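Just below is one structure, and these are the notes that go with it.
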Amino acid sequence: MAGSEANREPRDGGGPPEWMAMALDTVPLDVRPLLTEGVDPFAAVMEAAAVIEFGGFLVIDAPFNPSPLRRILAGRGFSSYGRKLSEGHWRVFFHLDGGADWESGAEVDVGPEGAMSWREDDGIHIDVRKLVPPNPMLAILRLIEGLSGTDCVVVHHEREPHFLAPELAERGWRIARASNEMVNVRLWLERII
Numbered sequence: 027m028a029g030s031e032a033n034r035e036p037r038d039g040g041g042p043p044e045w046m047a048m049a050l051d052t053v054p055l056d057v058r059p060l061l062t063e064g065v066d067p068f069a070a071v072m073e074a075a076a077v078i079e080f081g082g083f084l085v086i087d088a089p090f091n092p093s094p095l096r097r098i099l100a101g102r103g104f105s106s107y108g109r110k111l112s113e114g115h116w117r118v119f120f121h122l123d124g125g126a127d128w129e130s131g132a133e134v135d136v137g138p139e140g141a142m143s144w145r146e147d148d149g150i151h152i153d154v155r156k157l158v159p160p161n162p163m164l165a166i167l168r169l170i171e172g173l174s175g176t177d178c179v180v181v182h183h184e185r186e187p188h189f190l191a192p193e194l195a196e197r198g199w200r201i202a203r204a205s206n207e208m209v210n211v212r213l214w215l216e217r218i219i
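If you want the working numbering, it's the 1-based position in the sequence shown plus 26.
Below is the structure:
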């Protein structure tokens, strides 16, 4: 799995963006301790982003590639580049340059329930955090019912969804693995073959 979460590169595939060298001296905001304590780091990140002047940088250390955050900050004019430093440690560099290339060609869809989904190297991701039940389950089931083939689905959830496993089984899917990091539970779903 580690090899499938490859470092993100800009659209031209030529390595890190030119602005990356200037961002290396920026002190990272490490949100991993907040997540470990069960605190949602979104407010802290938005507060840090709010004081960045045009041309400035923000660097975030997170336990995973924060694709939804990257999309939100792209909407506020930040380009980004992420690196997986080790298992459970991503460093994402943001540059306030008016750009919107938040990840290498990533397309994010927002479903009827409000869940965001996108494709990464390790499969299709869906973020159901902040949705009111039963919307997380409905969004997950809608996604898997629309898939053909053997795509893996990575669910970003706030808690362990206890009623999801039987619903998945009825549809020929299972939870292959889970990672619980307080406010970010990740589930890897796969079709039963």
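Glycine included, every Cβ here is placed at the ideal spot set by N, Cα and C. Keep in mind the model is a prediction, meaning the values are calculated, not measured.
| Asked | Found |
| --- | --- |
| Counting only the same chain and skipping the five closest in sequence on each side, list residues whose C-beta sits under 8 Å from that of L157. | E139, G140, A141, A165 |
| Just how far apart, CA to CA, sit L55 and V136? | 28 Å |
| Would you call F80 buried or exposed, if buried means 16 or more other Cβ atoms sit within 10 Å of its Cβ? | exposed |
| Where does L111 sit, in a helix, a strand or coil, going by DSSP? | strand |
| Do V227 and S106 have their CB atoms nearer than 8 Å? | No statement about residue 227 is possible, as the shown extent of the chain runs from 27 to 219 and does not include it. |
| How far does the alpha helix (DSSP H) with R96 in it extend, from its first residue to its last? | 93-100 |
| When the Cβ atoms of the stretch 64-79 are set against those of the stretch 142-152, are three or more pairs found closer than 8 Å? | no |
| Is the number of C-beta pairs between the stretch 170-181 and the stretch 192-207 that are closer than 8 Å three or more? | yes |
| Just tell me which of P42, V85, P43, T52 has its CA closest to the CA of R58. | V85 |
| Quick one: give me the first and last residue of the alpha helix (DSSP H) that F68 is part of. | 68-76 |
| If contacts are defined as beta-carbon pairs under 8 Å, then A75 and R97 qualify, I think. What distance do you get, rounded to the angstrom? | That belief does not hold up - the Cβ atoms of A75 and R97 are roughly 13 Å apart, past 8 Å. |
| Taking 6 Å as the limit between beta carbons, can you name the residues of its chain near E186, skipping five residues before and five after? | V211 |
| Quick one: what does DSSP say I219 is sitting in, helix, strand or coil? | coil |
| Verify whether the separation of the beta carbon atoms of W45 and D153 is less than 8 Å. | no |
| Where does the unbroken beta strand (DSSP E) through A254 begin, and where does it stop? | This structure cannot speak to residue 254, because the chain is shown only from 27 to 219. |
| May I have the straight-line CA-CA distance separating A88 from E113, to the nearest angstrom? | 11 Å |
| Go to E196, then tell me how far its alpha helix (DSSP H) extends in each direction, as first and last residue. | 190-196 |
| Identify, in the order they occur along the chain, each residue of the same chain with its Cβ nearer than 7 Å to the Cβ of L95, setting aside the five sequence neighbours on each side. | V71 |
| For L61, report the span of its alpha helix (DSSP H) as first-last. | 58-62 |
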